Ligand SMILES: Nc1ncnc2c1ncn2[C@@H]1O[C@H](COP(=O)(O)OP(=O)(O)OP(=O)(O)O)[C@@H](O)[C@H]1O
Ligand SMILES: [Mg+2]
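In this note's numbering, the protein residues as written are 292 to 501.
This is the structure:
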């Protein structure tokens, strides 16, 4: 299988403290990788660096054969990915509008946007919320929305930071099922072994107390 993501000697230091040092791993196209580690081990920091929200202290990241950190048009590389955070930020518009926006930005046709948003509303049990303002949703509902919003983009790389942390068991199972069946390459984090259940391979981040 071909390599989609290559992380080489990646390091991050905050205020003189290393979160991690010389992290090296590769992810194959279509693979699902779980990143497991205790609180504070650097899972979110890693996801933020992979999605270009945080600058590494050192190291290299290659996505789809291109250097992420040296890409001349960062937004173009960034669009190959979709990210879901534990406490996602949602836009001040309807649930429907939130799911549709990324597709609009990518220049999809109206009919295709409608079809994909309808799929997501059904797939993620969001139908009854479609006209509600996303800001007024519960934490779990927002998390579900943000997963739906990411999945409709059919990204090359899907980054999921504890995507089921706020979900009830039924919705968590539903999301795990969708993740297992997506065509995207996936990196999923969790502080417990739960992410390993749906992954092909697992890497462990060591906590400071270990
Ligand atoms: N902006 C920042 N400034 C200083 N230190 C930070 C910053 N962001 C994260 N850290 C530190 O980096 C370490 C890793 O944090 P991170 O959020 O990546 O951990 P995590 O594995 O995602 O934890 P959790 O399971 O609680 O989500 C922590 O010790 C944290 O305090
Ligand atoms: Mg975290």
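Here a beta-carbon is modelled for each residue, glycine too, at the ideal position from N, C-alpha and C. None of these values were measured; they are calculated from a predicted model.
Beta-carbon separation (whole angstroms), residue i vs residue j, contact threshold 8 Å
i, j, result
"residue 354", "residue 296", "5 Å"
"residue 369", "residue 489", "Not confirmed; about 25 Å, so no contact."
"residue 325", "residue 486", "4 Å"
"residue 377", "residue 336", "The Cβ separation is near 13 Å, so there is no contact."
"residue 477", "residue 451", "7 Å"
Between the CA atoms of residue j and residue i - distance to the nearest angstrom
i, j, result
"residue 447", "residue 427", "30 Å"
"residue 318", "residue 310", "21 Å"
"residue 387", "residue 400", "16 Å"
"residue 405", "residue 414", "14 Å"
"residue 402", "residue 330", "43 Å"
"residue 364", "residue 482", "34 Å"
"residue 475", "residue 449", "6 Å"
"residue 410", "residue 392", "15 Å"
"residue 237", "residue 432", "Limits of the chain in this structure are 292 at one end and 501 at the other, which puts residue 237 out of reach."
"residue 423", "residue 443", "19 Å"
"residue 502", "residue 484", "Outside the shown range of the chain (292 to 501) lies residue 502, about which nothing can therefore be said."
"residue 356", "residue 371", "12 Å"
"residue 316", "residue 358", "15 Å"
"residue 362", "residue 307", "28 Å"
"residue 344", "residue 305", "15 Å"
"residue 429", "residue 398", "30 Å"
"residue 445", "residue 379", "19 Å"
Sub-8 Å separation of residue i and residue j beta-carbons
i, j, result
"residue 412", "residue 435", "no"
"residue 375", "residue 438", "yes"
"residue 381", "residue 389", "yes"
"residue 352", "residue 294", "no"
"residue 497", "residue 328", "yes"
"residue 349", "residue 300", "yes"
"residue 480", "residue 466", "no"
"residue 321", "residue 340", "no"
"residue 473", "residue 425", "no"
Exposure label - residue i; buried when at least 16 CB within 10 Å
i, result
"residue 420", "buried"
"residue 312", "exposed"
"residue 460", "exposed"
"residue 468", "exposed"
"residue 347", "buried"
"residue 407", "buried"
"residue 492", "exposed"
"residue 471", "exposed"
"residue 500", "Residue confidence for residue 500 is low, a pLDDT of 49 falling below 50, so the modelled location carries little weight and cannot support an answer."
"residue 367", "exposed"
"residue 394", "buried"
Short CB-CB distance (under 8 Å) between residue i and chain C
i, result
"residue 400", "Among the chains of the structure shown, chain C does not appear; only one protein chain is present."
Within the structure, which residues are defined as neighbours of ligand 1 by a Cβ-heavy atom distance below 6 Å, reported in chain order? 305, 306, 310, 328, 330, 331, 332, 333, 334, 335, 336 and 482
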